[in-house]
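Here the structure is laid out as structure tokens; the discussion comes afterwards.
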Amino acid sequence: MDLMKTIEERRSVKNYHQHEISREILTSLLDKAALSPSAWNLQQWKVMVVDTDEAKEKLYQAANKQIKIKDASATFIILGDLNAHDAIDNIADDWIKHGHLPQENRDGLIKSVNNFFEDDMNKRDEAVRGASLFAMNLMLISQDAGYATCPMIGFDKALVKEAFDIPDNLVPTMLITIGKGQVNNDRASRYPASTFAKFV
Ligand SMILES: Cc1cc2nc3c(=O)[nH]c(=O)nc-3n(C[C@H](O)[C@H](O)[C@H](O)COP(=O)(O)O)c2cc1C
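In this text, residue positions in the sequence shown follow numbering that gives the first Met the number 0: the first is 0, and each later residue adds one.
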């Protein structure tokens, strides 16, 4: 993988042609994206993979009738789990097993994590942050595997939750189409670092 080439070649692709991607391939892309970092390794991401005609129709209706949902091979509904810290006991044990945490610090870590997530803003921030880091990696991994993607927030959260029976602890963070397709325009310009970064 030439990372810079992959970053340069990734575009938000809106036009897809008929192409089937197997569930095995989609699963392997998701497994790779799960190498993403997350606060305390909580791995807040959850994903619904929309790849049947019936599910595509439901998502299309809930997502401003964006035609790419029907044309793409599949669309990932990327969700952030507000309750991912409920697994902190297991995560702490995994850290101990892998030499990241001394046994005597286990209870202290669990206490401070639970304390942190008493704040609803922290819960939401980490759910969306974790899911977003995962989403970006998923787009780059898909690009590297020869697939086009498009991230989307053009959807009605309540309708998506209702259509796919998504519980309240899962925040719909973005949709990502995946398939074979192309863009017909140049990349729009980006602000240079000199305008958004400050050395302090
Ligand atoms: C969070 C997010 C939401 C977006 N939502 C939509 C969308 O709903 N529909 C769409 O066609 N493109 C959407 N885009 C794509 C952007 O328009 C695109 O990333 C941007 O214009 C830059 O183009 P590029 O990705 O090809 O470099 C979204 C992108 C991001 C990151």
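Backbone N, C-alpha and C define an ideal beta-carbon position, used for all residues, glycine too. Keep in mind it's a predicted model, so treat the numbers as computed, not measured.
Proximity test, residue i beta-carbon vs ligand 1 heavy atom, cut-off 7 Å
i	result
M173	yes
P150	yes
G153	yes
Q65	yes
S11	yes
A32	no
R128	no
Any non-hydrogen atom of ligand 2 within 7 Å of residue i CB
i	result
S35	The model depicted lacks ligand 2 and carries ligand 1 instead.
Residue of the options minimising C-alpha distance to residue i
i	options	result
K179	V159, A73, N104	A73
F116	T5, A62, A83	A83
A11	K156, N184, W94	Strictly speaking, residue 11 in this sequence is Ser, with Ala absent from that position. Cα-wise, what sits closest to S11 is N184.
M47	K67, T26, A38, L34	T26
I76	Q102, W44, A192, A91	W44
L28	L137, R189, V199, A62	L137
I175	I95, M135, L34, K110	M135
A32	E103, N63, L139, D50	L139
Q155	N63, P101, D85, F163	Note on identity: in this sequence residue 155 is Asp, with Gln being the wrong assignment. The candidate whose alpha carbon is nearest that of D155 is N63.
D52	I24, Q17, A126, A38	Q17
K110	F163, A86, V127, S131	A86
Residue i vs residue j beta-carbon contact at 8 Å
i	j	result
D70	N168	no
I177	P171	no
D143	M0	yes
A203	Q181	Within the shown structure, residues of the chain are numbered from 0 to 199, placing residue 203 beyond reach of any answer.
N98	Q42	The question names Asn, but residue 98 is Gly in the sequence shown. No, the Cβ-Cβ distance between G98 and Q42 is not below 8 Å.
A91	L78	no
G153	Q60	no
Simplified DSSP assignment, three categories, for residue i
i	result
M0	coil
N63	coil
L169	strand
K13	coil
F195	helix
N127	Contrary to the premise, residue 127 reads as Val rather than Asn in this sequence. Correct three-state label for V127: helix.
F116	coil
G107	helix
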